[in-house]
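Q:
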Amino acid sequence: MNNPLKKIIFPTAGLGTRFLPATKASPKEMLTIVDKPLIQYGVEEALASGMNEIIMVTGRGKRAIEDHFDISAELEANLKAAGKNEIYREVSHISRMVEVVYVRQKQALGLGHAVACATHWVGHEAFGVALADELIIAETPVMQQLRQVYEQTGSSVIGLMQVPAHLVSRYGIVKASQEKDGLLRLQDMVEKPQIEEAPSDLAIIGRYIFTPRLLELLADTKPGKQGEIQLTDAIARLAKEEPVYGVIIEGKRFDAGNPLGFLMANVELGRTHHKYGEAFTDFLHQLG
Ligand code: UTP
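Note that the sequence shown covers residues 14 to 301 in our numbering.
1) So, residue 148 versus residue 46, is the Cβ gap smaller than 8 Å?
2) Which residues does DSSP pair with residue 100 in a beta bridge?
3) Please determine, among 261, 19 and 269, the residue with the shortest C-alpha to C-alpha distance to residue 194.
4) For residue 268, report the span of its beta strand (DSSP E) as first-last.
5) According to DSSP, is residue 108 helix, strand or coil?
6) Are there any heavy atoms of the ligand UTP lying less than 7 Å away from the beta-carbon of residue 28, as far as the coordinates show?
7) Run through the DSSP bridge pairs and tell me what residue 174 is partnered with.
8) Here's the rule: buried if 16 or more other CB atoms are within 10 angstroms of the residue's CB, otherwise exposed. What is residue 66?
9) Consult DSSP for residue 301 and reduce its assignment to one of helix, strand or coil.
10) Can you have a look at residue 26 and say buried or exposed, based on whether 16 or more other CB atoms are within 10 angstroms of its CB?
11) Considering only the beta carbon of each residue, do residue 101 and residue 139 sit closer than 8 Å?
12) Output the distance between the C-alpha atoms of residue 233 and residue 86, rounded to the nearest integer angstrom.
13) What's the gap between the Cα of residue 258 and the Cα of residue 132?
14) Less than 7 Å separating the Cβ of residue 205 from some heavy atom of the ligand UTP?
15) Between the beta-carbon of residue 174 and the beta-carbon of residue 187, is there less than 8 Å?
16) Mind checking whether the beta-carbon of residue 47 lies closer than 7 Å to any heavy atom of the ligand UTP?
17) Going by beta-carbon coordinates alone, are residue 155 and residue 264 separated by less than 8 Å?
18) Which residue wins for smallest C-alpha separation from residue 212, given the options 176, 61, 81 and 88?
19) Once the 5 residues before and after residue 49 are set aside, which same chain residues still bring their CB inside 6 Å of it?
20) What is the rounded straight-line gap between the Cα of residue 36 and the Cα of residue 28?
21) I'd like to know if the stretch 272-282 and the stretch 204-224 are in contact, where contact means that at least 3 CB-CB pairs between them fall below 8 Å.
22) In the stretch 51-98, which residue ranges form an unbroken alpha helix (DSSP H) of at least 4 residues, counting only runs that do not cross its ends?
23) For the stretch 178-253, list the alpha helix (DSSP H) runs that are entirely contained and at least 4 residues long, ordered along the chain.
24) Quick one: Cα of residue 9 to Cα of residue 191, how far?
25) Determine the contact status of residue 79 and residue 54, defining contact as a CB-CB distance below 8 Å.
Okay, here's the thing in structure tokens:
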């Protein structure tokens, strides 16, 4: 396969209404899990999966994301002068770890529209898409798990997770058939179905690899549920034209875009953190 799969889109232009008022003036992707913002976890996962051409789709009020990956000369000079070498290394590493292209989504017209905003920068190559508020802790980075299937098949691949039946109405749910080697081939998908309409209990979890055909389909996808251009509608059309595979991912996933999932992610990563883990675990035990 001669597509090296280097590009990945991070749509970060949503309104974050589930996390108001915290997200009124700050992007939800900048919410911190222990000591790093969500978007940094996402970018580190992409880099660990060999995707180092990052396209960030941002919107109004998202400048903090750009600043986070930018060089802060004054801060770096201050840290160095104060001999705070460990944090200096950390801060300067963040700004130099990756080159990012920023594209503006002028109106929050939906996830599908946000991905389409990056079309010009993707060109005619396969590309990844990752939603940073879906935090996934995994031994093998999740984008790498998807990449393995892409390299085997040359087709689009979508990360999936089994969810309890009463929660299917919160997710994009797929209809899929079993293929050889444990691969699932997607036939259809529905955005946030009622329990009785759900074709399965397999939910889309915010990690994707697409062939460039998806962008052509997105270009003429009409607004669907909630008046938004839905990525799932375009994926459903893609699956009717060419194979789209699903992988049930290995890892722990947290929906950190809502307060409960965010708290859970902080507890999980706090407990195991190399610096704070021990003291935090003691604290949790004291709580009983
Ligand atoms: P969500 O469904 O989580 O929407 O979007 P949201 O607006 O961010 O959050 P809530 O539901 O109002 O609380 C999934 C992903 O798609 C991006 C979001 O930033 C998030 O990463 N998105 C969504 C866009 O970039 N643009 C949009 O118009 C909508």
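Idealized CB from N, CA, C, for every residue including glycine.
A: According to the structure shown:
1) On the sequence shown, position 135 is the one that residue 148 refers to. On the sequence shown, position 33 is the one that residue 46 refers to. In this structure, residue 46 lies closer than 8 Å to residue 148 by Cβ.
2) Here residue 100 is taken as the residue at index 87 of the sequence shown, counted from 1. Residue 100 is not bridged to any residue.
3) Residue 194 sits at position 181 when you count from the first residue of the sequence shown. Ranking the options by Cα distance to residue 194, first place goes to 261.
4) As a first step, residue 268 is located in the sequence shown; it is residue number 255 there, counting from the start. Element bounds for residue 268: 265-268.
5) Residue numbering aside, residue 108 sits at position 95 when the sequence shown is read from its first letter. If DSSP states are grouped into helix, strand and coil, residue 108 belongs with the helices.
6) If you number the sequence shown from 1, residue 28 lands on position 15. Under cutoff, so the answer is yes.
7) Translated into positions along the sequence shown, residue 174 becomes position 161. In DSSP, residue 174 forms a bridge with 216.
8) To locate residue 66, count along the sequence shown from 1; it is residue 53. Label assigned to residue 66: buried.
9) Translated into positions along the sequence shown, residue 301 becomes position 288. Residue 301 falls in the coil class under three-state DSSP.
10) Stepping through the sequence shown from its first residue, residue 26 is reached at position 13. Burial call: buried.
11) As a first step, residue 101 is located in the sequence shown; it is residue number 88 there, counting from the start. As a first step, residue 139 is located in the sequence shown; it is residue number 126 there, counting from the start. No, the pair does not count as a contact, with Cβ atoms beyond the cut-off.
12) The sequence position of residue 233 within the sequence shown is 220, counting from 1. The sequence position of residue 86 within the sequence shown is 73, counting from 1. Between residue 233 and residue 86, the C-alpha separation is close to 44 Å.
13) Position 245 of the sequence shown, counting from 1, holds the residue named residue 258. Position 119 of the sequence shown, counting from 1, holds the residue named residue 132. Rounded to whole angstroms, residue 258 to residue 132 spans 22 Å at the Cα level.
14) Locating residue 205 in the sequence shown gives position 192, where the first residue counts as 1. No, Cβ of residue 205 sits at least 7 Å from all heavy atoms of the ligand UTP.
15) Counted from its first residue, the sequence shown places residue 174 at position 161. Counted from its first residue, the sequence shown places residue 187 at position 174. By the CB criterion at 8 Å, residue 174 and residue 187 fall outside the cutoff.
16) Walking along the sequence shown from the start, residue 47 turns up at place 34. Relative to the ligand UTP, the beta carbon of residue 47 is positioned no closer than 7 Å to any heavy atom.
17) Within the sequence shown, the letter at position 142 stands for residue 155. Within the sequence shown, the letter at position 251 stands for residue 264. At a Cβ-Cβ threshold of 8 Å, residue 155 and residue 264 count as neighbours.
18) The residue you call residue 212 lines up with position 199 of the sequence shown. When only C-alpha atoms are compared, the closest one is 176.
19) Here the question's residue 49 lines up with position 36 in the sequence shown. None.
20) Translated into positions along the sequence shown, residue 36 becomes position 23. Translated into positions along the sequence shown, residue 28 becomes position 15. Going from the Cα of residue 36 to the Cα of residue 28 covers about 8 Å.
21) They do not touch, by the three-pair rule.
22) For the stretch 51-98, whole alpha helix (DSSP H) runs of length 4 or above, ordered along the chain, are 51-61, 76-81 and 86-94.
23) DSSP runs (the alpha helix (DSSP H)) wholly in the stretch 178-253: 226-232.
24) The structure shown does not extend to residue 9, since the chain is modelled only from 14 through 301, so no value can be given for it.
25) Counted from its first residue, the sequence shown places residue 79 at position 66. Counted from its first residue, the sequence shown places residue 54 at position 41. A distance of 8 Å or more separates the beta carbons of residue 79 and residue 54.
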